[in-house]
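Enquirer:
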Amino acid sequence: MTERSCSRRGFMRFCGSAATLATASPSNAQAAVAPEQAYAPATLVWPDGSRVTGDSLEPEREFVFFYPYRSTPCFLLRLSAPASAGMALTGSAGRTYRWYGGVGPDRAVVAYSAICAHKLSHPSPSVSFIGYRPQPVGYLGEGNRVQRRAGVIQCCSEHSIYDPAQGASVVSGPAPYPLAAIGLDDKGAGLIARAVHGEPVFDRFFERFGFRLALEFGEDQFHQPVGEATVVQATEQFTRQRIQC
Ligand code: FES
């Protein structure tokens, strides 16, 4: 089986799933506004099955879960300070969308797709080039001057930097738009993922990595919705090698 044939079938299934699950918001009716897609809700749970609450997250530690599909990784973070209460962001082709800010008792809990908006680098069981950096990292800022900043999501593939406190907006590097944001509900009893805001890049992801994802998750599984619950784990328990740069 070739990668091409496998990924094409996966993509077609993905399109069918997305068509079934995605609920068009009023904003979808306008081409100038980026999609804000509601997906079937999934309860965030620890490996022992207990509910993940904002309070149960260790601040500044990176966690991984899968949403809205079984093979699409996301980051879950409790930042050291409240995230923005929400803001308008720009996706591809200048389309705007709304990010609704952090949730939890201190509004510091955020979740984003862990698939880089540039060339789709993402955490896998063997290696991750992208991740949250609580310690200061260097990057090229305005005027090509080197700057240092802590509390960013950094992709070491081509050095894109995202700000998780500002909707994962692009701080530096070649990423063309922010990481897609995962809409979270926090009803007190625990966190629930329920939507994707921005540019989810899932079609490109399945097309490019479908062959490998089929091996890791099963050919009939990787493009399926994650289901009613999705397991959250610390990234170091999910991936063997976290690349720093
Ligand atoms: S894939 Fe992340 S910067 Fe290129």
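Under my numbering, the final residue of the sequence shown carries the number 248; numbering is consecutive throughout.
Glycine included, every Cβ here is placed at the ideal spot set by N, Cα and C.
Can you pull the DSSP bridge partners for Val140?
Expert: Arg152
Enquirer: Is Leu123 near ligand 1 - that is, is its Cβ less than 7 Å away from at least one heavy atom of it?
Expert: yes
Enquirer: Does the region 223 to 230 come into contact with the region 128 to 146, if we say contact requires no fewer than three beta-carbon pairs (one atom in each stretch) closer than 8 Å?
Expert: Touching, no, given that fewer than three Cβ pairs across the two stretches are closer than 8 Å.
Enquirer: Consult DSSP for Glu39 and reduce its assignment to one of helix, strand or coil.
Expert: In this structure, Glu39 counts as strand in the three-state DSSP scheme.
Enquirer: Are three or more beta carbon pairs between the region 76 to 88 and the region 110 to 118 nearer than 8 Å?
Expert: yes
Enquirer: Mark Gln224 as exposed unless 16 or more other C-beta atoms lie within 10 angstroms of its C-beta, in which case mark it buried.
Expert: exposed
Enquirer: With contact counted as at least three CB pairs below 8 Å, one residue from each stretch, are the region 122 to 129 and the region 149 to 156 in contact?
Expert: no
Enquirer: Hey, how far is the Cα of Phe212 from the Cα of Pro50?
Expert: 26 Å
Enquirer: By the DSSP assignment, the alpha helix (DSSP H) with Leu216 in it spans what residues?
Expert: 205 to 220
Enquirer: Inspect the CB distances between the region 186 to 200 and the region 51 to 59 and report whether three or more fall short of 8 Å.
Expert: Yes, the region 186 to 200 touches the region 51 to 59.
Enquirer: Do Tyr142 and Val174 have their C-beta atoms closer together than 8 Å?
Expert: yes
Enquirer: Rounded to the nearest angstrom, what separates Val155 and Leu218 at their Cα positions?
Expert: Whole-angstrom Cα-Cα distance: 31 Å.
Enquirer: Leaving out five residues before and five after Cys248 in sequence, what residues of the same chain have Cβ atoms less than 6 Å from its Cβ?
Expert: Here the set comprises Cys159.
Enquirer: With the cut-off set at 8 Å, would you say Pro71 and Val199 are in Cβ contact?
Expert: Inclusion of Pro71 and Val199 in the CB contact set at 8 Å is warranted, their separation being smaller than that value.
Enquirer: At a cut-off of 7 Å, would you count Cys158 as near ligand 1, judging by its Cβ distance to the nearest heavy atom?
Expert: yes
Enquirer: Assign Cys95 to one of three DSSP states: helix, strand, or coil.
Expert: It should be pointed out that residue 95 corresponds to Ser in this sequence rather than to Cys. In this structure, Ser95 counts as helix in the three-state DSSP scheme.
Enquirer: For Pro108, which of Arg243, Leu82, Glu210, Tyr165 has the nearest alpha-carbon?
Expert: If we check each option's Cα against that of Pro108, Leu82 comes out closest.
Enquirer: Name the DSSP beta bridge partners of Val234, please?
Expert: Val48
Enquirer: Are there any heavy atoms of ligand 1 lying less than 7 Å away from the beta-carbon of His226, as far as the coordinates show?
Expert: no
Enquirer: Does Gly97 pass the burial test, meaning 16 or more other C-beta atoms within 10 Å, or should it be called exposed?
Expert: Burial call: exposed.
Enquirer: Can you give the Cα-Cα distance for Phe208 and Arg215, rounded to whole angstroms?
Expert: 11 Å
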